[in-house]
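Written out below as structure tokens is the structure these notes cover.
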Amino acid sequence: MKKTASAIWQGGLKDGKGSISTESGALKQNPYGFNTRFEGSPGTNPEELIGAAHAGCFSMALSMMLGEAGLTPERIDTIAEVSLDKQPDGFAITAVHLTLKAKVPGASDTQFQEIANKAKAGCPVSKVLNATITLDATLLG
């Protein structure tokens, strides 16, 4: 399976503007630029998109692994906080912190924590990131 996304950039780093699109059309010429990445202006940025991909991938992996354990999640709510830090040789994504809150009828907290950590390590997006990945997992009653 292969999926594609594209970016168009026009101009210099600080005064230029770009747009990001996905093959599915979920993103269609969404604006991004220096101001949306570093100054909080409206629009998206690569780190936000990586966070969305990681949260989505992790949530699906967790659902699959819970199912393999005979558990069906009622709700999985994941936030991925991506850290972009200045390094001596430029910027790098150094960490992703996943915050998970899930309602999984019949799961013990010990079982839930074990499966959540397995999903953190096993989801394809986790595997591709060269960053420290941490997880706070809360099983809701």
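Adding 21 to a residue's 1-based position in the sequence shown gives its number in my numbering.
Idealized CB from N, CA, C, for every residue including glycine.
Asked: Distance, Cα to Cα, T120 vs P126?; Found: 19 Å
Asked: Say yes only if the C-beta of A137 is nearer than 8 Å to one or more non-hydrogen atoms of the ligand FMN, and no if none qualify.; Found: The ligand content of the structure shown is nil, which means the ligand FMN is not present either.
Asked: Name the one or two DSSP bridge partners that S40 has.; Found: I29 and P52
Asked: So T115 packs on T153, CB below 8 Å; how close in whole Å?; Found: 7 Å
Asked: Excluding sequence positions up to five away, which residues of its chain have a Cβ less than 7 Å from the Cβ of N66?; Found: Y53, T57 and R58
Asked: With DSSP collapsed to three states, give me the class of K23.; Found: coil
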